[in-house]
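Residue numbers (UniProt numbering): 1 to 189. For every residue, glycine included, the Cβ atom is placed at its ideal position computed from N, Cα and C. Okay, structure first, notes after.
And the structure:
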């Protein structure tokens with residue numbers, strides 16, 4: 001299968017996994033969503049587990065990439081880029097909200113077995129980088145005070161909620177990055 005076809009399968013697999021959950025998703029349903037024969041999927045993926053593992057591997061690579069981007073000298077600027085990119089991605093109809101939903105489902109359900117473990121190292125590196133960027137922004141006077149870990153949890157909770165709202169209501173429910181950054185900065189001064 002050509003790379004473009006593989007990307008098409010992954011895009012549609014993420015949509016099906018997000019809407020139906022891992023357990024209820026099927027290769028036939030993914031093929032139907034993608035408008036291709038199920039045989040094309042089986043050329044690259046022998047099982048649904050293998051396809052899902054590819055989705056999770058892409059998520060882990062994305063977490064590593066974001067962790068690297070957050071690790072700059074200017075904590076607040078890197079936080080701003082991260083928030084803008086994340087919210088812009090989930091507001092767009094490009095599958096980012098669905099992708100985030102699938103990753104969250106994998107963490108919560110650990111289905112298939114080992115899904116959580118596949119993501120854990122990347123998630124922990126991302127969290128450390130996020131907390132370091134918050135700490136730097138706090139030292140520079142650009143971020144609300146408090147424990148950097150707690151601020152990171154609040155930010156990630158807000159972003160996770162934005163994904164849920166996007167999936168349930170649509171793009172209009174996603175807050176703009178300026179509002180989120182204003183909250184992160186401690187509101188009016």
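Range covered by the alpha helix (DSSP H) that runs through residue i
| i | result |
| --- | --- |
| residue 45 | Looking at the DSSP string, residue 45 is not in any alpha helix (DSSP H), and its letter there is neither H nor E. |
| residue 29 | 27-34 |
| residue 179 | 177-184 |
Chain-order list of residues whose beta-carbon lies under 6 Å from that of residue i (same chain, five-residue window excluded)
| i | result |
| --- | --- |
| residue 80 | 181 |
| residue 51 | 13, 45 |
| residue 186 | 144 |
| residue 91 | 171, 174 |
| residue 165 | 173 |
| residue 66 | 126 |
| residue 95 | 11, 14 |
| residue 38 | 27, 28, 31 |
Same chain, Cβ closer than 7 Å to residue i, neighbours up to 5 away in sequence not counted
| i | result |
| --- | --- |
| residue 1 | Interpretation of residue 1 is limited by its pLDDT of 43, a score under 50 that renders its predicted location unreliable; the figure taken from the coordinates is listed afterwards. Cβ neighbours of residue 1 beyond the five flanking positions: 40, 43, 44. |
| residue 130 | 70, 152 |
| residue 155 | 184 |
| residue 162 | 87, 90, 174, 175 |
| residue 138 | 145, 148 |
Whole-number beta carbon distance between residue j and residue i, since they are thought to touch under 8 Å
| i | j | result |
| --- | --- | --- |
| residue 135 | residue 88 | Rounded, the Cβ-Cβ distance is 25 Å, inconsistent with contact. |
| residue 9 | residue 25 | Between residue 25 and residue 9 the Cβ distance is about 13 Å, and since that is not below 8 Å, they are no contact. |
| residue 116 | residue 107 | 5 Å |
| residue 101 | residue 167 | 6 Å |
| residue 83 | residue 177 | 5 Å |
Contacts around residue i, its chain only, beta-carbon distance under 8 Å, and the 5 residues preceding and following it disregarded
| i | result |
| --- | --- |
| residue 64 | 122, 125, 126 |
*Hey, which unbroken runs of the alpha helix (DSSP H) at 4 residues or more fall wholly within the segment 76-156?*
96-109, 115-139
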